[in-house]
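Colleague: Going down the list, the protein sequences come from chains P and B.
Read left to right, the first sequence gives residues 1 to 266 (my numbering).
Read left to right, the second sequence gives residues 267 to 791 (my numbering).
A single structure is presented below for examination.
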Amino acid sequence: MKTAIMLLGFCLAAGAASASPLAAGWQALANYRAVDALRIFDGVRAATDTALAREARFGHGVALLDLQPVTGAQLDEARRVFTELADIGADDAAQGARFFLGRIAQHHQPQPDPVEAARQFRRLVSEHGNSRWAQAALSRLALLQIYELDPAAPPAVRIAEAGKLLAQARTPAAESELHYTIANALFFYRLPAADALPHLLAAERLRQLDWPTRVEVLVQIAELSRLAGDRVQAAKFYRTFLVENPRDLRVYIVRQHLAEVDKPAP
Amino acid sequence: MKFSGRLIAFLLLGLAYAVATFLVLRHTMDEVRSDRVTIRMSQWQLEGGVREAIDAIIRRYEQLNPRVHVVQIAVPDPVYQPWIQTQMIGDTGPDLAEYSWGWPDIARNFQPITAEVMQPNPYNRGTPLAGRPWRDTFIDGMTSSDNYVQALSDYFGVSLTTHVMRIVFNRPLLRDITGRDTPPRTYRELLALCDKVHAYDRAHRLDLVPLANSRTTHINLTGEVMASLTPRLSAQMDFQHRLKLDPADLGVAYLRGEWSYDSPDLTAAFDVLREFGAMCTPGFMQRERDSALTDFVAGRALMMVTPSWEASSLLQLCPFALGAFRFPYPREDDPVYGRFTTSPMSEGQLFTGMPFYVNRHTRHRAEAIDFLRFMSSQEGAAIFTRVSNWQPVTLGVKASDFADQFKLQPDGYCWYAGFLGPSGHPDASKFIQSELGQLWNNGGSVDAFRRVLRAGVADKVRDDFRRDIIAGVSNARREDVAAVAAAELAPANARAEPVRLMTVGNEIYIYQTRAALALPVRSTP
């Protein structure tokens with residue numbers, strides 16, 4: 001009875017968002033209630049509707065990743081479910097499953113396996129390049145290339161390799177994330193900061209940055225433009241920063257620098 | 267009739283049981299009254315005036331909203347964190363809880379209020395803030411870590427106040443010693459005043475010291491002293507060109523050997539810290555803030571290092587007139603330290619605090635958020651500062667006259683740097699704090715302090731970074747699940763939207779921290 005009431009509650013809560021019988025399961029996962037989610041997904045796994053059954057199995061695998069405590073056996077089970085889904089079929093569940101195979105290797109297993117994570121992400125990008133899962137994987141693949149896969153290679157080479165992924169970006173979000181990741185790596189490895197400017201400009205232009213990142217990027221573009229002698233561009237971004245962040249603590253320094261670039265050139 | 271001791275004991279026990287039963291029943295009955303909703307809020311600020319201020323806000327709110335009853339639960343701060351976490355795990359947590367971004371399980375226990383903070387606060391209707399998004403009605407635009415939780419990319423907390431460090435002084439005693447009651451304006455004037463206090467003490471045999479301090483109250487001020495002497499070094503360390511440094515940036519740069527505690531800027535900062543320590547009550551690093559408070563209230567110290575949250579209590583405790591001033595850091599005209607400074611110096615990032623979070627499982631989300639709106643409206647904030655003498659954080663609300671002395675001065679240079687905690691986490695900062703005795707003890711010196719820092723800080727930074735990676739990966743795992751759930755719940759026509767994983771910026775941090783840990787360990791010079 002309690003379960004039935006709970007299920008009804010989930011269904012009511014999720015009803016507006018989606019008509020799928022699995023919506024309650026996803027809603028439970030969104031609320032970090034993996035036990036409830038697992039029960040709902042498992043109730044639909046045997047459905048005759050193949051698409052529904054596959055989504056339920058996908059949900060089952062995802063819920064296992066959040067069912068505390070996450071054990072090695074659970075990870076093995078999730079990996080098995082995702083492998084089955086990814087290897088048989090090309091639907092959204094297959095693509096999501098491939099993404100999670102990479103993600104398990106990247107973050108979920110106790111010892112990360114960057115090579116396996118990159119292998120899964122590359123396969124996803126090559127087989128389903130336009131999918132939302134492949135686009136989400138691109139920047140994560142870039143991180144593996146820059147920081148993990150070949151630590152002996154010079155950072156500039158690793159960053160250049162990651163830059164090639166830009167050609168695979170199909171969505172503004174993926175492209176923006178890649179540009180930001182590359183710019184950040186250039187700073188981290190103390191490579192010429194000026195090389196980061198075009199990437200930051202591209203990321204800003206795509207208007208996909210979350211608010212705290214955008215604040216930093218505006219300052220970085222303005223500063224790098226000032227250092228490169230592009231006073232007009234520097235002034236534009238200093239002003240944008242001031243308009244959007246009137247209470248940021250850097251307002252004082254930014255005003256000083258703006259006054260500097262606003263002066264007529266000597 | 268004779269009463270045995272045992273009978274009296276049983277009677278007392280019975281009476282206590284009856285009273286407890288009555289209180290529990292009253293509380294329960296109150297909650298089940300069908301005509302109104304009860305929401306509970308917990309907080310740990312037991313300083314003078316705060317509970318009364320919240321009660322006053324509640325009274326006014328209930329006048330405006332008779333259908334809602336708000337119960338304040340004040341819990342002493344030493345037990346607050348375990349208490350609230352136990353409550354949340356047991357599903358008996360209050361609807362609104364004072365919490366902190368650095369504490370665990372925010373995503374599991376609390377719900378984001380991002381959609382709401384983008385909408386106007388209806389309780390600001392008829393004020394200059396009418397129509398503005400709620401977020402933009404706070405003096406910091408809800409940029410504090412307690413409001414916007416960057417690891418989760420959502421707004422969670424609504425702040426009620428902000429705090430700064432000040433030097434509070436005994437006005438009549440200052441007049442007796444110096445003939446005037448105005449505080450020192452420069453660092454050199456402060457040093458001269460301390461000399462006068464020592465001379466006055468010797469002449470009158472009073473057991474008087476210039477500055478009462480304690481092992482906890484010195485921390486923020488110590489950090490500001492460091493910041494005042496290191497703007498040039500900080501600018502050199504700004505490899506990301508952000509005009510600011512996060513402590514973790516400094517930690518990475520430290521492990522790379524890009525700066526050290528032997529830099530002239532840091533040596534100068536340590537010299538000032540040593541002079542600052544000499545002003546304070548001997549042995550203050552072994553004393554709690556209550557001891558400092560006692561010394562000051564009893565007239566055994568002319569001044570006291572005071573966070574503004576203590577000031578409201580001081581007002582109730584001190585039988586003499588109080589004044590407050592900002593520590594006069596050395597500026598460019600200082601003959602010794604001037605070359606390291608850049609004026610004006612900002613008092614630091616405006617961090618609003620005392621944030622209230624909405625319980626993820628509350629049955630009264632709408633009422634809880636409505637109360638938060640009132641509490642942070644101009645009317646609610648005005649009640650808060652008037653009754654508590656704490657700082658308001660709502661735009662356009664004037665602090666009470668007393669609280670006005672504790673108003674943060676944000677204009678100027680500030681690099682957010684954390685040379686005394688280059689990782690932003692406890693291991694490094696606690697290690698450095700614990701070794702300040704090398705600077706301040708009898709026989710301590712700047713050289714001795716630098717020696718222990720050279721030997722120990724790098725390992726602590728690495729420990730903190732290891733912890734950061736564990737936390738970051740754990741966040742990534744949790745956000746993966748939440749992200750796919752959100753993606754699957756999206757309407758079919760929005761399925762092309764990006765899957766909203768942990769932000770790439772947060773994931774970059776995991777990899778860069780790992781890369782920093784992989785750097786070869788440098789030998790101690």
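Don't be surprised by glycine CBs; every beta carbon is placed ideally from N, CA and C.
Give the straight-line distance between the Cα atoms of G709 (chain B) and M545 (chain B), rounded to the nearest whole angstrom.
Modeller: 16 Å
Colleague: Is H691 (chain B) near L224 (chain P), with beta carbons less than 8 Å apart?
Modeller: No, Cβ-Cβ distance for H691 (chain B) and L224 (chain P) is not below 8 Å.
Colleague: Establish whether the CB of T3 (chain P) and some CB of chain B are separated by less than 8 Å.
Modeller: Residue confidence for T3 (chain P) is low, a pLDDT of 41 falling below 50, so the modelled location carries little weight and cannot support an answer.
Colleague: Label M384 (chain B) either buried or exposed according to how many other C-beta atoms from any shown protein chain fall within 10 Å of its C-beta, with 16 as the threshold for buried.
Modeller: exposed
Colleague: Please return the same chain residues whose Cβ sits closer than 6 Å to the Cβ of S574 (chain B), not counting the five positions on each side in sequence.
Modeller: H429, V430 and F672
Colleague: If you follow the alpha helix (DSSP H) that I405 (chain B) is part of, which residue opens it and which one closes it?
Modeller: First-last for I405 (chain B): undefined, no H or E at that position.
Colleague: Please name the residue in P:A265, P:V251, P:I88 and P:R250 whose C-alpha comes closest to that of V232 (chain P).
Modeller: P:A265
Colleague: Pick out whichever of B:D734, B:L785 and B:G738 has its Cα sitting closest to the Cα of T769 (chain B).
Modeller: B:G738
Colleague: Within a Cβ cutoff of 7 Å, which residues of the same chain sit near W525 (chain B), ignoring the five residues on either side of it in sequence?
Modeller: L499, M503 and A519
Colleague: Can you find a C-beta in chain B that's less than 8 Å from the C-beta of E177 (chain P)?
Modeller: yes
Colleague: Of all the CB atoms in chain P, is at least one closer than 8 Å to the CB of L495 (chain B)?
Modeller: no
Colleague: Output yes if chain B places a C-beta closer than 8 Å to the C-beta of Y252 (chain P); else output no.
Modeller: yes
Colleague: Which residues mark the beginning and the end of the alpha helix (DSSP H) in which Y691 (chain B) is found?
Modeller: Sequence inspection shows His at residue 691 (chain B); the Tyr mentioned does not correspond to that position. DSSP places H691 (chain B) in no alpha helix (DSSP H); its state is neither H nor E.
Colleague: Considering just the uninterrupted stretch of the beta strand (DSSP E) at Y623 (chain B), what are its terminal residues?
Modeller: F622 to N625
Colleague: Taking all protein chains shown into account, decide if G397 (chain B) is buried (16 or more other Cβ within 10 angstroms of its Cβ) or exposed.
Modeller: exposed
Colleague: For S308 (chain B), which beta-bridge partners are listed by DSSP?
Modeller: B:I339 and B:A363
Colleague: Going residue by residue through the region 108 to 180 of chain P, where are the continuous alpha helix (DSSP H) segments of at least 4 residues, counting only ones entirely within it?
Modeller: 114 to 127, 132 to 147 and 155 to 163
Colleague: Please name the residue, chosen from B:V341, B:A373, B:G368 and B:P344, that lies closest to I355 (chain B) on a Cα-to-Cα basis.
Modeller: B:A373
Colleague: Have a look at L209 (chain P) and Q351 (chain B) and give me their C-alpha separation to the nearest angstrom.
Modeller: 33 Å
Colleague: Give the residues from the region 404 to 435 of chain B that approach chain P closer than 8 Å (Cβ to any Cβ), ordered along the chain.
Modeller: Using a CB distance below 8 Å, the part of the region 404 to 435 of chain B facing chain P consists of I405, D406, G407, T409, Y414, Q416 and S419, ordered along the chain.
Colleague: For a minimum of 3 consecutive residues, which ranges assigned as the beta strand (DSSP E) are wholly contained in the region 18 to 84 of chain P?
Modeller: none
Colleague: Just the C-alpha distance for M307 (chain B) and L459 (chain B), rounded to the nearest angstrom, thanks.
Modeller: 46 Å
Colleague: Going by C-alpha distance, which of B:R317, B:Y327, B:R333 and B:A282 is nearest D301 (chain B)?
Modeller: B:R333
Colleague: Does Q329 (chain B) get closer than 8 Å to chain P when you measure Cβ to Cβ?
Modeller: no
Colleague: Am I right that L783 (chain B) and F731 (chain B) are in contact with their C-beta atoms under 8 Å? What's the rounded C-beta distance?
Modeller: 6 Å
Colleague: Specify the secondary structure class of D512 (chain B) as computed by DSSP and reduced to three states.
Modeller: coil
Colleague: For L568 (chain B), report the span of its alpha helix (DSSP H) as first-last.
Modeller: Element bounds for L568 (chain B): not the alpha helix (DSSP H) but the beta strand (DSSP E), A567 to P573.
Colleague: Shorter than 8 Å from the beta carbon of V475 (chain B) to some beta carbon of chain P?
Modeller: no
Colleague: Pull up the DSSP beta-bridge partners for I433 (chain B), would you.
Modeller: I433 (chain B) is bridged to B:V571 and B:F591.
Colleague: Indicate the three-state DSSP secondary structure (helix, strand or coil) for D713 (chain B) in the structure shown.
Modeller: The answer is helix: DSSP assigns D713 (chain B) an H, G or I state.
Colleague: Tell me which same chain residues have a C-beta within less than 7 Å of the C-beta of L539 (chain B), skipping the five on either side of it?
Modeller: T488, V491 and L705
Colleague: Determine whether the Cβ of V81 (chain P) lies closer than 8 Å to any Cβ atom of chain B.
Modeller: no
Colleague: Counting beta carbon pairs with one atom in the region 54 to 68 of chain P and one in the region 743 to 750 of chain B, are three or more of them shorter than 8 Å?
Modeller: yes
Colleague: Return the chain-ordered list of same chain residues with a C-beta closer than 6 Å to the C-beta of A142 (chain P), the five sequence neighbours on each side being excluded.
Modeller: A162, L165, L178 and T181
Colleague: Residues bridged to V475 (chain B) by DSSP?
Modeller: B:A567
Colleague: Given that a residue counts as buried once 16 or more other Cβ atoms are within 10 Å of its Cβ, and exposed if not, what is S126 (chain P)?
Modeller: Residue environment: S126 (chain P) is assigned as exposed (fewer than 16 neighbouring CB atoms within 10 Å of its CB, all protein chains considered).
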